[in-house]
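Contents: one structure, followed by commentary.
2 protein chains.
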Amino acid sequence: MAFGADRPLAMDAGVLLAPWQIAYQTYGTLNAARSNAILVCHALTGDQHVANIHPVTGKRGWWETLVGPGRPVDTDRFFVICANVVGGCLGTTGPASLNPATGEPYGLDFPVVTVRDMVRAQALLLDRLGIDNLFCVVGGSMGGMQVLQWAASFPERVFAAIPIATACIHSAQNIAFHEVGRQAVMADPDWRGGRYFVDGAKPSKGLAVARMGAHITYLSEATLHRKFGRRLQDRAAPTFSFDADFQVESYLRYQGEAFVERFDANSYLYLTRAMDYFDLAADYGGVLANAFTGSRTRFCVVSFTSDWLFPTAGSRAIVHALNAVAASVSFVEIETDKGHDAFLLDEPELFATTGGFLAAAARARGL
Amino acid sequence: MAFGADRPLAMDAGVLLAPWQIAYQTYGTLNAARSNAILVCHALTGDQHVANIHPVTGKRGWWETLVGPGRPVDTDRFFVICANVVGGCLGTTGPASLNPATGEPYGLDFPVVTVRDMVRAQALLLDRLGIDNLFCVVGGSMGGMQVLQWAASFPERVFAAIPIATACIHSAQNIAFHEVGRQAVMADPDWRGGRYFVDGAKPSKGLAVARMGAHITYLSEATLHRKFGRRLQDRAAPTFSFDADFQVESYLRYQGEAFVERFDANSYLYLTRAMDYFDLAADYGGVLANAFTGSRTRFCVVSFTSDWLFPTAGSRAIVHALNAVAASVSFVEIETDKGHDAFLLDEPELFATTGGFLAAAARARGL
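Chains V and D, in that order, give the protein sequences.
Heads up: the first sequence begins at 1 in full-length UniProt numbering, then just goes up one per residue.
Heads up: the second sequence begins at 1 in full-length UniProt numbering, then just goes up one per residue.
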């Protein structure tokens, strides 16, 4: 969906972005009352391809466990929309897009993006699609931040909200991990100050290192132990070298290499920065509850016991704030050893929780 | 201390290293019975400068909290020795040393080092110093691995042992973090396959990224929150840029920059690898207790509640193994929010525990 100079995106950086476009996918059918729309918000390295074959990787949609026919977010029943976030690299305007002022990609001239900017862009898309009200907004991690921002910025447009494995604020430790990833990208001489597009170079090594480090934070120690332990890669004894002796090393290297094939390094900088900047309470006088005052949205907050990137404490803070303004909120902490990535995996309790919540909300909504 | 071809270091990689040398510091006075020696084993990026001004950084010794006159490891009473590990870069032979076969630095031709190699080298040093028996071996993290290896390899030479914030085995998660660090170094084009010495280049950017990532694992989330939180660096509002907006970013960048001034990138590869390879039970039929069968060494095992790099579970495994062979062991888990680095910091309970243990052991030893 393209927006011209008449519909600029007003960004927190103080820039009116125009022209700009937003790439999205839909699944299912919008009902006549236009009341069955569910917006799915993707995480840091996700995209709009929730439940279809990915055009770049050829892999299945990233949330087919949760979204699809007969799944908790049932595409036979709901009209599901997912848009690539602003600053991303799968079709929505971002640092790899052409800057009309120069005729070359923006690079670091692209304005720094915030979670609020992502939500503003999605709201403009929904306006254009003629969807005034969302039945539900759902997302995990950075997607969960967008869910919370939606509920705060546009409470009247959100009937139900499911923030999963997320927080209202990015912690110092999480900022620290992101900064290491950014420095890994920027340390790659092929990054060229963000202007790698000029001669076709790509900071693939730096971006791969960033992804490897981040990937560890998406898993739990228990998962790494269970999946890999100290097992060696295709051999009986260590090689006494710096080859990938251990399976976990080989796995991480593969994660890094696969990632750079599908993701833009500058987008990685921008989207990690957006998460770092996220501090919902700061916009409401430092009191998180104020973000939800008077909200009639129904919330279902989900966390996972072994998620050390977005620990349950962050979800509890959301629940406390919602309780403080007498909002409707249910909260489930799911027992799992799969870490932060649990929200993307086969977690029956997640499906039962979200499916049950959506069924009840649909009844309340008269769907 | 230099060793010639007559005293090669027999390394686990199958190499007889010669000539080689080991750099060390001593503090205090060896008594007439030669029975009051304490060996301090340093951690990954430590060195022999335990309790004196560091010759490169000009900073105070890295363990002056624990070691010195009147401290728990009392240099008025004990003869304290600390040697740079083999593979290190502060005087002991390592990858930056000249390879006599080529006349240039070893680089990656240096044999991969193990914790057992480090201990063998220390044992040869003690032989040369005429110290048959150690009153105590003490160390944290990789230093603690050496303590355990000492107790297993040379039980008759170790009267008391204090492994702190360590484990008998390096976990999959820890291998994963190390591998990211190594890949960060190797991704730096100035690393040049380990031959950066040829033209005076240094993979400083890659090594700095490695250090930044590792540094996060040495702290706890609570420490990062307490020390930095989301406070901004010398400004009132975020810059909407990729500058070090947050204090935690600035702090990490500084940690990376300071580290590359004092540490050799190849040594970093070798020493992380040594930790990855550490699996004490594997040398004893897979049963950790067998490593300590018949041991008369007195152990004091210490862990810290907020240490997620070497969690208390790893210390408990050591204690269980020692109990299984009826060894003398005391175990203290110290409540602190300072994370893995707690062993280097002002932790009164650590001083009380180690000081009390050493005082009792000294009485038992007749010191």
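Quick reminder that beta carbons are idealized off the backbone N, C-alpha and C, glycines included.
This structure is a prediction, so every number in the text was calculated from the model and none was measured.
- The residue among D/Asp307, D/Gly107, D/Pro238 and D/Asn36 with its C-alpha nearest the C-alpha of D/Thr336 is D/Asp307.
- Remark: C-beta atoms of D/Met1 and V/Gln183 do not approach each other more closely than 8 Å.
- The beta-carbon of D/Ile131 is placed no less than 8 Å from the nearest beta-carbon of chain V.
- Contacts between V/Asp188 and chain D, judged by CB atoms closer than 8 Å, involve Ala187 in chain order.
- A check of alpha carbon separations from V/Asn266 across V/Trp62, V/Glu333, V/Arg192 and V/Leu288 identifies V/Arg192 as the nearest.
- V/Arg116 does not reach chain D, its nearest Cβ partner there being about 12 Å away, counting only Cβ pairs nearer than 7 Å.
- The three-state reading of DSSP puts D/Leu219 in coil, since its state is none of H, G, I, E or B.
- Distance between D/Ile164 and V/Phe331, taken at the CA atoms: about 39 Å.
- Residue contact with chain D for V/Met142: absent (no Cβ-Cβ distance below 8 Å to any residue of chain D).
- Boundaries around D/Pro348 are those of the alpha helix (DSSP H), Pro348 to Arg365, since no beta strand (DSSP E) includes it.
- Around the beta carbon of V/Pro100, fewer than 16 other beta carbons lie within 10 angstroms, which makes this residue exposed.
- Contact annotation: in the region 223-246 of chain V, residues whose CB is within less than 7 Å of a CB in chain D are Leu224, His225, Phe228, Gly229, Arg230, Pro238, Phe240, Ser241, Phe242 and Phe246.
- Contacts with chain D at 8 Å (Cβ-Cβ) do not include V/Asp341.
- At a cut-off of 8 Å between beta carbons, V/Asp276 contacts chain D.
- For V/Lys202, no Cβ of chain D is located within less than 8 Å of the residue's own Cβ.
- Taking C-beta atoms under 8 Å as the contact rule, D/His178 and D/Asp276 qualify, at a distance of about 6 Å.
- With a contact defined as Cβ atoms closer than 8 Å, D/Thr166 and D/Phe310 qualify at about 6 Å.
- Counting along the chain, the unbroken alpha helix (DSSP H) around V/Ser250 starts and ends at Gln247 to Arg262.
- With respect to D/Ser35, D/Phe135 sits close: the two C-beta atoms are nearer than 8 Å.
- Looking at the DSSP output, V/Gly139 shares a beta bridge with V/Cys41 and V/Pro163.
- The Cβ of V/Glu179 sits closer than 8 Å to at least one Cβ of chain D.
- Looking only at D/Ala96, D/Leu108, D/Gln149 and D/Ala317, the smallest Cα-Cα distance to D/Gln122 is reached by D/Gln149.
- Using a Cβ-Cβ cut-off of 8 Å, D/Lys338 does not count as an interface residue toward chain V, since no Cβ of chain V sits closer than that to its own.
- Around the beta carbon of V/Gly139, 16 or more other beta carbons sit within 10 angstroms, so the residue counts as buried.
- Around the CB of D/Asp341, 16 or more other CB atoms lie within 10 Å, so the residue is classed as buried.
- The count of Cβ pairs closer than 8 Å, one atom from the region 287-303 of chain V and one from the region 314-324 of chain V, reaches three, so the stretches are in contact.
- The beta carbon of V/Lys205 sits closer than 8 Å to some beta carbon of chain D.
- Nearest CB-CB separation between V/Asp279 and chain D: below the 8 Å threshold.
- The region 38-47 of chain D and the region 76-95 of chain D touch, with three or more beta-carbon pairs separated by less than 8 Å.
- Under the DSSP assignment, D/Ala83 falls in the beta strand (DSSP E) whose first and last residues are Phe79 to Ala83.
- Taking every protein chain shown into account, the CB of D/Arg116 has 16 or more other CB atoms within 10 angstroms, so this residue is buried.
- Taking a 10 Å sphere around the C-beta of D/Lys205, we find 16 or more other C-beta atoms and assign the residue as buried.
- About 6 Å separates the beta carbon of V/Ser295 from that of V/Ala151, a gap short enough to meet the 8 Å contact definition.
- Among the residues facing chain D, V/Leu17 is not included, as its CB has no counterpart in that chain under 8 Å away.
- From the listed residues D/Pro55, D/Thr65, D/Leu30 and D/Tyr268, the smallest Cα separation to D/Gly107 is found for D/Tyr268.
- Of the other Cβ atoms in all chains shown, fewer than 16 fall within 10 Å of the Cβ of V/Gly200; this residue is therefore exposed.
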